[in-house]
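Accompanying notes for the structure given below.
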Amino acid sequence: MSFRDIYGHQKVIEILRRTLRQGRVGQAYLFSGIPAIGKRTLAREFIKAVNCEEANAAGDACDRCLSCRKIDREIHPDVFVVKPEGQFIRIDAIRGIQENITCRPLEAKRRAFIIDDADKMREEAANALLKILEEPTASNMFVLVTARPYALPQTIISRCQHFRFNPLPDETVAKILMEAAAKKDEKQEGGKEDIVNMDPQKSMLLSALAGGSVERALELTREDIYQYREELIRILSTTRREDLFSMLQLAAALAQGKKESRHGLTILKNFFRDILIFKETRQEAMLINRDKLSMVSDFAERLSGEQVLQNIAKIERAGEILERNVNKLLTLETMAFSLNY
1030 MSFRDIYGHQ KVIEILRRTL RQGRVGQAYL FSGIPAIGKR TLAREFIKAV
1080 NCEEANAAGD ACDRCLSCRK IDREIHPDVF VVKPEGQFIR IDAIRGIQEN
1130 ITCRPLEAKR RAFIIDDADK MREEAANALL KILEEPTASN MFVLVTARPY
1180 ALPQTIISRC QHFRFNPLPD ETVAKILMEA AAKKDEKQEG GKEDIVNMDP
1230 QKSMLLSALA GGSVERALEL TREDIYQYRE ELIRILSTTR REDLFSMLQL
1280 AAALAQGKKE SRHGLTILKN FFRDILIFKE TRQEAMLINR DKLSMVSDFA
1330 ERLSGEQVLQ NIAKIERAGE ILERNVNKLL TLETMAFSLN Y
């Protein structure tokens, strides 16, 4: 793999390529963004490109030389990954970095350290890393990876070139899922065999629920999310304002657990999003829930565009309230009673 094989994050990749072409690789980088969107992968590929023995004008790794192959196999003597042990990155791990940087790299142009979940350093470890960054050396480089940059000391952030990674577009996640599904002959670990049953409709639904995270989308292939969607949309399709029981039933279906509530609200929001798109365009191909076209069409005829937008706003508001750990069932019942049906 190299930069050209990575989906998304093209702006970040282009800046890194330009850095390589100009020979202006810095000492410390901070890659931040939601979990599982490719930060660690891009960190590794950047380090590969920096140390590639056949560096080219495109600013990318060749994937053929000994250095690239060693980094891919995680056996390069000058590339280190520091991870939390338990809940925190221990001070001993940072002291290990201090010992390594005192001598020249064994093989690499630049010895490299990826500090994964960098926000999990305790104060002592963070101070030790800060001391290292305050005394830069030309033969070493650091890439800090985190989903919580705000939890890092500002003194560390200020010494890094900060790259913010946006969630991947739904279409990109769906494409990755479809390509993974095409590799049916490769055994998947951790119960991921379900991914071989992927189709375009399912991949778009899962990518919409995953919020731009490939890892989350892969996790959803192992959950019974399709059946949950069927249940919610069935209840929604039979809910009427004059039927109080059906509205309570919708709220109860959403209140099964924090994770299920989040997925359920996303399913509802995507359903009303489809209604609005179909109402305005009549384009079936643009729908996430294409298999529910008759229901989408029925709602589109029954509700005005303003009412659909109000529903989406109410669903989003309910999700924001739930994040504050308030009374879940009451919040969802209030939302269910306020929706336009």
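Heads up, the sequence shown is in this note's numbering, so the first residue is 1030 and it goes up one at a time. Heads up, the beta-carbon is just placed ideally off N, CA and C, and yes, glycines get one too. As the structure is a prediction and not an experimental result, all values here were calculated from the model.
Runs of beta strand (DSSP E) wholly within the region 1074 to 1145 (minimum 3 residues, chain order): Within the region 1074 to 1145, the beta strand (DSSP E) runs of at least 3 residues that lie entirely inside it are, in chain order, 1108 to 1111 and 1140 to 1144.
At least 3 beta-carbon pairs within less than 8 Å: the region 1070 to 1088 vs the region 1112 to 1120: no
Length of the line joining the Cα atoms of A1209 and S1242: As a working mapping, residue 1209 is identified with position 180 in the sequence shown. As a working mapping, residue 1242 is identified with position 213 in the sequence shown. If I take the Cα positions, the gap works out to 15 Å.
DSSP state of G1156 mapped onto helix, strand, coil: Within the sequence shown, residue 1156 is the residue found at index 127, counting from 1. Going by the sequence as given, residue 1156 is Asn instead of Gly. When DSSP states are grouped into helix, strand and coil, N1156 belongs to the helix group.
Option in Y1058, Y1255, M1364 and L1238 with minimal Cα separation from N1169: Position 140 of the sequence shown, counted from the start, is the residue given in the question as residue 1169. Ranking Y1058, Y1255, M1364 and L1238 by Cα distance to N1169 puts Y1058 first.
Selected residue, minimal CA-CA separation from R1230, among D1199, E1244 and Y1370: Indexing the sequence shown from 1 puts residue 1230 at position 201. Sequence check: residue 1230 is Gln here, not Arg. When only C-alpha atoms are compared, the closest one is D1199.
N1169: first and last residue of the uninterrupted beta strand (DSSP E) it sits in: Walking along the sequence shown from the start, residue 1169 turns up at place 140. Looking at the DSSP string, the run of the beta strand (DSSP E) that includes N1169 is N1169 to T1175.
Limits of the unbroken beta strand (DSSP E) element including L1059: The sequence position of residue 1059 within the sequence shown is 30, counting from 1. Start and end: A1057 to S1061.
Span separating the alpha-carbon of L1181 from that of N1156: Residue mapping note: residue 1181 aligns to position 152 of the sequence shown, counting from 1. Residue mapping note: residue 1156 aligns to position 127 of the sequence shown, counting from 1. Straight-line Cα distance between these residues: approximately 11 Å.
Sheet register partners of R1193 (DSSP bridge): Position 164 of the sequence shown, counted from the start, is the residue given in the question as residue 1193. R1193 pairs with S1061.
Integer-rounded CB distance, given that A1342 should sit under 8 Å from F1307: Within the sequence shown, numbered from 1, the residue matching residue 1307 stands at position 278. Within the sequence shown, numbered from 1, the residue matching residue 1342 stands at position 313. That belief does not hold up - the Cβ atoms of F1307 and A1342 are roughly 19 Å apart, past 8 Å.
Same chain only: Cβ atoms within 7 Å of C1097, ignoring 5 sequence neighbours per side: As a working mapping, residue 1097 is identified with position 68 in the sequence shown. Once the five neighbours on either side are set aside, the close Cβ partners of C1097 are K1077, C1081, A1090 and C1091.
C-beta atoms of T1360 and I1344 nearer than 8 Å: Locating residue 1360 in the sequence shown gives position 331, counting from the first residue. Locating residue 1344 in the sequence shown gives position 315, counting from the first residue. Not in contact: T1360 and I1344 (Cβ atoms no closer than 8 Å).
Same chain, Cβ closer than 8 Å to I1120, neighbours up to 5 away in sequence not counted: Your numbering for residue 1120 matches position 91 in the sequence shown. Here the set comprises R1151, E1153, A1154 and A1157.
K1298 and Y1036 closer than 8 Å at C-beta: For the purposes of this step, residue 1298 is taken as residue 269 along the sequence shown, with counting starting at 1. For the purposes of this step, residue 1036 is taken as residue 7 along the sequence shown, with counting starting at 1. Result no, Cβ atoms of K1298 and Y1036 do not sit closer than 8 Å.
Contact belief for G1055 with Q1190 at Cβ below 8 Å, rounded distance in angstroms: Numbered from its first residue, the sequence shown carries residue 1055 at position 26. Numbered from its first residue, the sequence shown carries residue 1190 at position 161. That belief holds up - the Cβ atoms of G1055 and Q1190 are roughly 5 Å apart, short of 8 Å.
Collapsed DSSP secondary structure at V1041 in the structure displayed: One-based indexing of the sequence shown puts residue 1041 at position 12. V1041: helix per DSSP, three-state reduction.
Counterpart residues of M1324 in DSSP-defined beta bridges: Here the question's residue 1324 lines up with position 295 in the sequence shown. Bridge partners of M1324 according to DSSP: none are assigned.
Same chain, Cβ closer than 7 Å to L1368, neighbours up to 5 away in sequence not counted: For the purposes of this step, residue 1368 is taken as residue 339 along the sequence shown, with counting starting at 1. For L1368, same chain residues with a beta-carbon under 7 Å away, outside a window of 5 residues either side, are N1340 and K1343 in chain order.
DSSP-derived helix/strand/coil call for M1276: Mapped onto the sequence shown, residue 1276 falls at position 247. Helix, per DSSP.
DSSP state of M1315 mapped onto helix, strand, coil: Taking the first residue of the sequence shown as 1, we reach residue 1315 at position 286. In the three-state scheme derived from DSSP, where H, G and I count as helix and E and B as strand, M1315 is classed as helix.
Contacting residues, own chain, Cβ-Cβ under 8 Å from I1042 (five flanking each side not counted): For the purposes of this step, residue 1042 is identified with residue 13 of the sequence shown, where counting begins at 1. Closer than 8 Å at Cβ, skipping near neighbours: F1032, I1035 and L1071.
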